[in-house]
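J.: Could you have a look at this structure, given as structure tokens, before my questions?
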Ligand SMILES: Nc1ncnc2c1ncn2[C@@H]1O[C@H](COP(=O)(O)OP(=O)(O)OP(=O)(O)O)[C@@H](O)[C@H]1O
Ligand SMILES: [Mg+2]
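Residue numbers (this note's numbering): 15 to 603.
Structural data, given as structure tokens:
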């Protein structure tokens, strides 16, 4: 039995509470505050004063109220039943809470994060008597239709597997195995606690090399991210950050999605909560929620819970990574998280740095993105976490601190452009301001689909850059003043924008584009570029080329040819060549 520390509140400043008397309490321990036993976490120790941030609404709390602590760090419970669940920032199950208290979260409500009564069918994979080490997989549970949950020896435990239950049905409360160690017998269950602020260990980090396929052309082809990588989606108000993260959560080829709604408006989160459970993954016919864990921390919930929600999310992600899965974490929005940090630090009386953010903002962001990566797990498997963070700079100004610091720690930057969003060019990811540092890491994977991938991508990118440069000239003198060859570059760039980069998330066919289709579409546009350029050199006008039916048809290929009929793009290419050649034939006669 843990010993209980007790103390008294001496001051209350919003969610920041100071207490005395808790001798022996440590940083990041949980403290339960007041008669409602509100959950808080120790965030500072100043001589005999303990500073606690409280994760629940603490109105009414006053000096003199009691504080107790069992000396345990703020932790999440990791075990079967996480998938398809929706939690708040401190892993309270929101569905359970709404069943108990309706839409209003009752103070101090304590519900277990995982269903303790549910029986899980367990299949052991190791026999008693074996030597086991931390991370070893003891057995499996079918957690839902999509996920096989691996029961692992927790980090820090190794010894002789003294006992393990036979195949059968057990709850997370049952003792299912024991490990004999010098330090005594370890009694293992399906679920274990892990402190949220401490990264789970792995053997070593590896260089990512497989792309996270998202089905979004501007991402996969132009600014791809590797599994185990990091990306930021900065964008002003309403430019499409949430839509992009939703599209990725729905279509990316990770095994598990952890979606952290962090400080966004409640109604947006409601959209996710009502939409996701209904979505079916067309690739396997299964509900997408069956690979998703959601953390919903809306703007009306207490600020500290928002601060901790990203750690809760990423710890859950690490747990599935340790099973050998590929996990994608979406955080919407890291700016709201940073604002929580700012509010708390100002209540703590910290000396502010840029724009009132605390000086440790950069370190905290670095620590968060650092938890991404492709790793060799403790059991020797590959597992990875990709972290994609939305950033909402006020006024869309990317020079503000959160965006600036984030760019230092991510290797992929999908900059949303207000001009594109206003023109309803979605996704409004700018091809000028965005970048990726993963092109060379994942090139080998793409070569398995087509050896020309990188050169095709770069050639198209160069057309877009040339277009960007020419647009400055066009602004001054108009496009008619340009030589025909340059006018043709503008025409092809327009085709890349409309026929390739633009992708409507609401279009039933175009919302997901397979890698094969992406490459074929882009190659088609480039073949128009090559053949058309020759025609222009022969004296044809851009408008003559543009007037061909087969050319105007090109922009519709993306939304007319399904992913499983890409050979139709080859057929189109034959018609395109014939169409362009027919122009020349006129000339020959
Ligand atoms: N890929 C897309 N396809 C179609 N429409 C889109 C796409 N991306 C964004 N939109 C449109 O833009 C609107 C705003 O997008 P979204 O809510 O994602 O912006 P946001 O950047 O998250 O905004 P906020 O700053 O309010 O959080 C959407 O409701 C939708 O109409
Ligand atoms: Mg949003």
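Idealized CB from N, CA, C, for every residue including glycine.
Since this is a predicted model, take the numbers as computed values, not measurements.
Leaving out five residues on either side along the sequence, give the residues of the same chain with a beta carbon under 6 Å from the beta carbon of residue 457.
T.: Closer than 6 Å at Cβ, skipping near neighbours: 468.
J.: Quick one: give me the first and last residue of the beta strand (DSSP E) that residue 91 is part of.
T.: Segment 89 to 92, the beta strand (DSSP E) holding residue 91.
J.: Buried or exposed, going by whether 16 or more other CB atoms sit within 10 Å of the CB of residue 15?
T.: Here residue 15 scores only 46 on pLDDT, less than 50, and its place in the model is too uncertain to base an answer on.
J.: Tell me the rounded alpha-carbon separation between residue 83 and residue 61.
T.: Near 18 Å, if we compare the C-alpha coordinates of residue 61 and residue 83.
J.: Just tell me which of 174, 101, 238 and 378 has its CA closest to the CA of residue 449.
T.: The candidate whose alpha carbon is nearest that of residue 449 is 238.
J.: Tell me whether the beta-carbon of residue 426 lies closer than 7 Å to the beta-carbon of residue 350.
T.: No. Outside cutoff.
J.: Using a Cβ-based criterion (distance less than 6 Å to any ligand heavy atom), does residue 284 qualify as near ligand 2?
T.: Not under cutoff, so the answer is no.
J.: Expressed to the nearest angstrom, what Euclidean distance is found between the alpha-carbon atoms of residue 142 and residue 150?
T.: Using only the alpha carbons, I get a separation of about 13 Å.
J.: Quick one: give me the first and last residue of the alpha helix (DSSP H) that residue 498 is part of.
T.: 498 to 510 is the extent of the alpha helix (DSSP H) around residue 498.
J.: Return yes when the Cβ of residue 224 is within less than 7 Å of the Cβ of residue 459, no when it is not.
T.: Against a cut-off of 7 Å, the Cβ pair of residue 224 and residue 459 comes out as a contact.
J.: If you follow the beta strand (DSSP E) that residue 472 is part of, which residue opens it and which one closes it?
T.: Segment 467 to 491 is the alpha helix (DSSP H) holding residue 472; no beta strand (DSSP E) there.
J.: Once the 5 residues before and after residue 361 are set aside, which same chain residues still bring their CB inside 7 Å of it?
T.: So the list reads 27, 28 and 30, once near-sequence residues are dropped.
J.: In chain order, what residues of the same chain lie with their CB nearer than 6 Å to the CB of residue 431, ignoring the 5 residues before and after it?
T.: Only 442 and 444 meet the Cβ criterion.
J.: Inspect the CB distances between the segment 530 to 544 and the segment 570 to 579 and report whether three or more fall short of 8 Å.
T.: The answer is yes - the segment 570 to 579 touches the segment 530 to 544, with three or more Cβ pairs under 8 Å.
J.: Under 8 Å: do the segment 206 to 213 and the segment 85 to 94 share three or more Cβ pairs, one atom per stretch?
T.: With a cut-off of 8 Å, the segment 85 to 94 and the segment 206 to 213 count as touching, because enough Cβ pairs lie within range.
J.: Are residue 406 and residue 347 touching if we call contact CB-CB under 7 Å?
T.: Going by C-beta atoms, residue 406 is nearer than 7 Å to residue 347.
J.: Runs of 3 residues minimum, wholly inside the segment 188 to 250: which ones carry the beta strand (DSSP E) assignment?
T.: Counting only runs of 3 or more, we get 191 to 195, 198 to 202, 206 to 209, 218 to 220 and 244 to 248.
J.: What residue range is occupied by the uninterrupted beta strand (DSSP E) comprising residue 346?
T.: It spans 340 to 346 - the beta strand (DSSP E) in which residue 346 sits, taken as one unbroken run.
J.: Would you check whether ligand 2 has a heavy atom nearer than 6 Å to the C-beta of residue 258?
T.: The answer is no for residue 258.
J.: So if DSSP puts residue 266 in a beta bridge, which residue, or which two residues, is it bridged to?
T.: Beta-bridge pairing links residue 266 to no other residue.
J.: Hey, how far is the Cα of residue 12 from the Cα of residue 473?
T.: The structure shown does not extend to residue 12, since the chain is modelled only from 15 through 603, so no value can be given for it.
J.: Three or more C-beta pairs closer than 8 Å, one from the segment 352 to 369 and one from the segment 181 to 200: is that the case here?
T.: Judged by Cβ distances under 8 Å, the segment 352 to 369 makes no contact with the segment 181 to 200, as fewer than three pairs qualify.
J.: When you compare each of 135, 478 and 551 to residue 155 by their alpha carbons, which one comes out closest?
T.: Checking every option, the nearest Cα to that of residue 155 belongs to 135.
J.: Residue 298: buried (16+ other C-beta within 10 angstroms of its C-beta) or exposed?
T.: Exposed: under 16 other Cβ atoms inside 10 Å.
J.: Any idea what DSSP makes of residue 402, helix, strand or coil?
T.: Residue state, collapsed to three classes: strand.
J.: Who are residue 138's beta bridge partners in DSSP?
T.: Beta-bridge pairing links residue 138 to 153.
J.: Reducing DSSP to helix, strand and coil, say where residue 301 ends up.
T.: Strand, per DSSP.
J.: Under 8 Å, with one C-beta from each stretch per pair, do the segment 330 to 345 and the segment 389 to 400 reach the 3-pair mark?
T.: Touching, per the Cβ criterion.
J.: Quick one: is residue 523 buried, meaning 16 or more other Cβ sit within 10 Å of its Cβ, or exposed?
T.: Exposed.
J.: For a test of the three-state rule: what should DSSP assign to residue 365, helix, strand or coil?
T.: In this structure, residue 365 counts as coil in the three-state DSSP scheme.
J.: Express the C-alpha separation of residue 242 and residue 419 in angstroms, rounding to a whole number.
T.: Cα-Cα distance, rounded: 20 Å.
J.: Starting from the C-beta of residue 231, find all residues in its chain whose C-beta is less than 7 Å away, skip the five residues before and the five after it, and write them out in chain order.
T.: Here the set comprises 514, 515, 517, 527 and 532.
J.: So who's on the other strand from residue 357, going by DSSP bridges?
T.: Answer by DSSP bridge pairing: none, since residue 357 is not bridged.
J.: Below 6 Å, is the gap between the Cβ of residue 252 and the nearest heavy atom of ligand 1?
T.: Yes, the Cβ of residue 252 comes within 6 Å of a heavy atom of ligand 1.
J.: Does ligand 2 have even one heavy atom less than 6 Å from the beta-carbon of residue 255?
T.: Under cutoff, so the answer is yes.
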